Each structure stands twice: as C-alpha cells, then as structure tokens.
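Residue numbers (our numbering): 47 to 355.
Here a beta-carbon is modelled for each residue, glycine too, at the ideal position from N, C-alpha and C.
Please read all numbers here as calculations on a predicted model, not as lab measurements.
Before any comments, here is the structure.
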C-alpha cells in the first residue's frame, strides 16, 4: 500500500521546484511513498489562514509568523516530540542565522527551516555604473544620493510595498534604528518610533517606482531583470534565483543600508518552513520525508540546484 502525502508550498521556482523535483529522489529510496506538492500565490502564502490549509494538506510550507496562529488553533503538530533533539541541534548548527529558532514558539516547534531568507538590498551593477556609482550604497545618505541620481536619469529605486512587505519594511527600519518591535508589549511600535520610520520612508518616496505599492519582491525583481527602469532596491527579501549563473540579466545582492548607527543591522528574517498538519493521515511518513529533505547534503545539493535557497 502506498504511503501518500499531500503538500502545499508557494508559487515560485524557489518555493516549488526544489520540492517537486526532489520527490523522485526520495521515492527512489522509498518506493512505497507517493508525494504531491501544490502551490499557492506569494500573497496567499503570507495571509491565507494556516488552519484552512491544514484541513486539506498533510504538509504545509509556512511563514514563521504563523507559529503563533498554529499554537492558538492547534492546526499544526508540535514537531518537538516527533523528531530527536539531535536533529534540531543539527538544524540550528547548519541553518542560516536564527532560521531554525524562528519556528520555536510557546514551548513548541511548528516548522523546520526548509528555506532561508532575510531582507537585503539588490542592484543592477550595469545601471549603477552608468549613473557613476562603483558600488552599491553603504549608508542611508548614499541610498538617497543614488535615488536622486536615478530620477535625474529617468530611472527609479524599487521598494516592494504590498501589505505584508510594507509591514516587514516597518519592522526592519525600526530594528535598524535600534527600536525593534518587542514581543513583550501589547502594541506594535510606540507612536514616535512609527513616526520616525515613516519620516525615513518619506525621504525615499520621491525616488520609488510608482508601482512599488503593487509589487512584492518577485514582481520587483522580475521588473528589474526585464527592463532598465529599476536601478536599486534598498529593502526586499532576497531570491538567489535572480543572481545565479546563466541568468540573462543578473541581479546582485548586498546588505541593507539603513539610517541607523549600523546601516546593515536589523534586516528582518524571512524564509519558509515545512510543517505537519494536525490532520496529517500518516505522521510517521511525514517525519521520514521531512528528515530526508532537511539533511545538509540534500539542502546544499539537489535542493539548491533545483532552485531552492
């Protein structure tokens, strides 16, 4: 009898391809398994209630902010008792920054660090050079100077600012200013901190592409690669797919350059993690598959070659 698993991820080469193309590799070693991955839009990935997805799928790739929702609704399984402690120790050692710990919440573990990302800056070296810049901005004043030069030449800065990205932008800037959002308060930010963040965003506004509020990072990088309008993006979740060998118009990535004392500090952690639904029909099979998927040799090998990061 086949051991069947249905999974849901997000609709981008980075989110879907390494999972879908990895299935035959796993099945070659475990021929009694049948695994199907489906994808949802990046917008739905950020806003669709995880408890709704948990009714339909065994495995769900989630954003780490959903961990609180998962605990409150009991829609995902706590992974802590399902995997050995040594497995989580390995993940903490091998994953980027606090990626593994970002799925720890309320005494439980709600996802595994399948994918890693943070907000970074991105740029087109050819367009920077044409504007007389030999390196991307390293300070806030240099960001504004580049923005002014870009507009003078009829070009723009890109700033992914659909709802979820706008919220992440506020979180990054407040942290960069040394005033991060705290989990120990009943408010997001103090009014004066929020006003300070908005003041800095207002400094950027004249230089930002008019479609910035309609675009997420994928839309922005697609536009950046397809034309010559966008020179630089000061804040956006990085996608290595746009910078790999063979890409026709490569986008380069670097650290953010915010207005704080340390311009590179405070970039919000992104990425995505594989979770097991509370309605999973074969938990033992899910654990075996996810254990295989998160081995360092697979993550650094086939997973990356197939478009993951």
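Quick check on this structure: which residue in the options has the alpha carbon closest to the alpha carbon of residue i?
| i | options | result |
| --- | --- | --- |
| residue 165 | 296, 177 and 309 | 309 |
| residue 109 | 130, 247 and 92 | 92 |
| residue 345 | 299, 136, 118 and 48 | 136 |
| residue 291 | 200, 161 and 351 | 351 |
| residue 268 | 320, 84 and 58 | 58 |
| residue 45 | 56, 76 and 62 | Residue 45 is absent from the structure shown; the chain starts at 47 and stops at 355. |
| residue 81 | 95, 96, 65 and 94 | 65 |
| residue 187 | 105, 255, 247 and 354 | 247 |
| residue 83 | 152, 98, 61 and 94 | 61 |
| residue 201 | 178, 275, 241 and 118 | 275 |
| residue 342 | 87, 325, 140 and 184 | 140 |
| residue 160 | 107, 88 and 117 | 107 |
| residue 209 | 198, 116 and 88 | 88 |
Sorted by chain position, which residues of the same chain lie with C-beta nearer than 6 Å to residue i's C-beta, five sequence neighbours on each side aside?
| i | result |
| --- | --- |
| residue 193 | 203 and 253 |
| residue 67 | 352 |
| residue 263 | 206, 282 and 283 |
According to the neighbour-count rule (16 or more other Cβ atoms, all chains shown, within 10 Å of its Cβ), is residue i buried or exposed?
| i | result |
| --- | --- |
| residue 216 | buried |
| residue 231 | exposed |
| residue 336 | buried |
| residue 327 | exposed |
| residue 220 | buried |
| residue 339 | buried |
| residue 233 | exposed |
| residue 354 | buried |
| residue 183 | buried |
| residue 306 | buried |
| residue 277 | buried |
Do you know how far the Cα of residue j is from the Cα of residue i?
| i | j | result |
| --- | --- | --- |
| residue 236 | residue 315 | 22 Å |
| residue 304 | residue 222 | 6 Å |
| residue 19 | residue 266 | It is not possible to answer for residue 19, since the shown part of the chain is limited to 47 through 355. |
| residue 347 | residue 317 | 18 Å |
| residue 196 | residue 190 | 10 Å |
| residue 329 | residue 228 | 35 Å |
| residue 129 | residue 105 | 15 Å |
| residue 145 | residue 285 | 16 Å |
| residue 96 | residue 162 | 20 Å |
| residue 295 | residue 255 | 19 Å |
| residue 311 | residue 142 | 16 Å |
| residue 121 | residue 48 | 25 Å |
| residue 332 | residue 178 | 53 Å |
Identify, in the order they occur along the chain, each residue of the same chain with its Cβ nearer than 7 Å to the Cβ of residue i, setting aside the five sequence neighbours on each side.
| i | result |
| --- | --- |
| residue 103 | 52, 53, 54 and 323 |
| residue 126 | 154 and 155 |
| residue 349 | 64 and 68 |
| residue 441 | Nothing can be reported for residue 441, as the shown portion of the chain is limited to 47 through 355. |
Under the assumption that residue i contacts residue j (Cβ atoms under 8 Å), give the Cβ distance between them as a whole number of angstroms.
| i | j | result |
| --- | --- | --- |
| residue 320 | residue 158 | 5 Å |
| residue 297 | residue 313 | Incorrect: roughly 17 Å between the Cβ atoms, too far for contact. |
Got a sec? Which residues, its chain only, sit under 8 Å from residue i by beta carbon, not counting five neighbours each side?
| i | result |
| --- | --- |
| residue 212 | 259 |
| residue 72 | 79, 81, 335, 338 and 339 |
| residue 114 | 151 and 152 |
| residue 218 | 165, 281, 302, 304, 312, 313 and 314 |
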